[in-house]
Amino acid sequence: MEIKRKKQYSGILIGIAGGSGSGKTLVAETLFKDLGNESIAMIQQDSYYRDLSHLSPKEREKVNFDHPDAVDSDLMTEQISDLLCGGTIEQPVYDFKQHIRSKRTKHIESCRIIILEGILILYYPKLRELMNIKVFVDTDPDIRFIRRLRRDTMERARTMDSVIRQYEETVRPMHLEFVEPSKRYADIIIPEGGYNLVAIDLLKTKVELLLKEKPRGVP
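In my numbering, the protein residues as written are 35 to 253.
Here is the structure:
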């Protein structure tokens, strides 16, 4: 009879969640820069949206991208687990203009520290179990909306009307139903996102302490 053995996780996973436009990316990028370690991978939940190439362009626009089912959480969890165990992955590359997965992938080598950010990453239990530190970035709704409006119109070629409509129909309701409640799983709550340098400095100190500990799991 084959005996299953626990995986040995040599890497450290930092999960950074929060509402759309909360400043998650700035927190992740600041932490990445401050740690100054070459063996760090930055992973975004947005890379794992499900491929909608089987739908027409009009049907794709109707998909609720703020619902947990829009994300391939199984693939995300599997690839994060592989990286934590010292493996390499081919991460999906998502085309936000067409709402499909690109034929290209991003090769990511094994790394000591993984910073994972996304609105729903604290929602998925299996993914939470892999995290050493769970962070929630808490920012006022009006600030988050302004940031999302600016990003989607400037970086994703969206019209102002479409951004507002999506915010009213899906972003806000899904935030209240799924994102905001996931805050209770956080170890650390950071108000004002990447501008809270004190909180980021404390987070960096905790990561440095984890680096000195033994790997999780039994080989």
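Every residue gets a Cβ at the ideal spot worked out from N, C-alpha and C, and that includes glycine.
Item	Value
Completely contained alpha helix (DSSP H) runs for the stretch 131 to 217, where each covers 4 or more residues	159 to 164, 175 to 189, 194 to 200
I46 and R146 closer than 9 Å at C-beta	yes
Beta-carbon spacing of Q79, G152 below 9 Å	yes
Any non-hydrogen atom of the ligand GDP closer than 8 Å to C119 Cβ	Ligands in the displayed structure: none, and consequently the ligand GDP is not present.
Three or more C-beta pairs below 8 Å linking the stretch 205 to 225 and the stretch 81 to 88	no
Identity of the residue in I177, G57, G49, I142 nearest G120 by Cα	I142
Range covered by the alpha helix (DSSP H) that runs through Q113	107 to 118
Secondary structure of D100, DSSP reduced to three states	coil
Buried or exposed (CB count within 10 angstroms, at least 16 for buried), P91	exposed
Reduced DSSP category for D129 - H, G, I as helix; E, B as strand; rest coil	strand
Alpha-carbon spacing of L243 relative to Q200, whole angstroms	42 Å
First and last residue of the uninterrupted alpha helix (DSSP H) at A233	231 to 244
Paired residues, beta bridge with A75 - DSSP	I148
Where V127 falls, given that 16 or more other Cβ within 10 Å makes a residue buried	exposed
Beta-carbon proximity list for Y229, same chain, < 8 Å, skipping 5 on both sides	G57, L60
Per DSSP, the bridge partner or partners of P225	D172
Of the residues H133, R178, D235, D116, the one placed nearest N98, counting alpha carbons only	H133
Contact under 9 Å by Cβ, T64 with L183	no
Beta bridge counterpart(s) of G49 as assigned by DSSP	L150, K168
Alpha-carbon spacing of D116 relative to T122, whole angstroms	7 Å
Exposed unless 16 or more other CB atoms sit within 10 angstroms - verdict on D195	exposed
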